[in-house]
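Report on the structure given below.
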Amino acid sequence: MICSRCGLCCINLDILVIKTRSIRPDGTLDPGDPESMIRKPAGERCPHLAFAGEVAICAIHDLPCYRGTPCDLFDQFGPEDGICILGSYFKSSGSAEL
-14 MICSRCGLCC INLDILVIKT RSIRPDGTLD PGDPESMIRK PAGERCPHLA FAGEVAICAI
46 HDLPCYRGTP CDLFDQFGPE DGICILGSYF KSSGSAEL
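So that you can map any letter, position 98 of the sequence shown is 83 in my numbering, and since no number is skipped, the others follow by simple counting.
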């Protein structure tokens, strides 16, 4: 899936995200920390979401701790190189509040 960088999934999905305070200076997490993941409710902005104009940017996307998280593993049905359609869904359903 090719992300359209709209940020709508980072706001509208109910998902577990990495707790910011659990990220070590080297970008990893303590594997023994049972509280390194927190629930991000639907409709609440992810703490790692930022915008450069209208382009959504994940502050931890390139850190080692991001690998294997629910966000990293998120995908959609369709071709691997297909453009994400989730943003369009949120816009059409009225959930596109940024």
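Yeah, the Cβ is synthetic: ideal placement off N, Cα and C, and Gly gets one too.
Could you check whether residue 58 and residue -8 sit closer than 7 Å to each other, using their CB atoms as the reference points?
no
Per DSSP, residue 36 forms a beta bridge with which residues?
41
Alpha carbon of residue 5 to alpha carbon of residue 32, nearest angstrom:
7 Å
Near residue 66, what residues of its chain come up, given a Cβ to Cβ distance below 6 Å and the 5 sequence neighbours on each side ignored?
none
Check residue 76 in the structure and name its three-state DSSP category.
helix
Measure the C-alpha to C-alpha separation of residue 26 and residue 68 and round it to an integer number of angstroms.
25 Å
For residue 12, which of 19, 3 and 20 has the nearest alpha-carbon?
3
Going by beta-carbon coordinates alone, are residue -5 and residue 71 separated by less than 7 Å?
no
Span separating the alpha-carbon of residue 79 from that of residue 41:
19 Å
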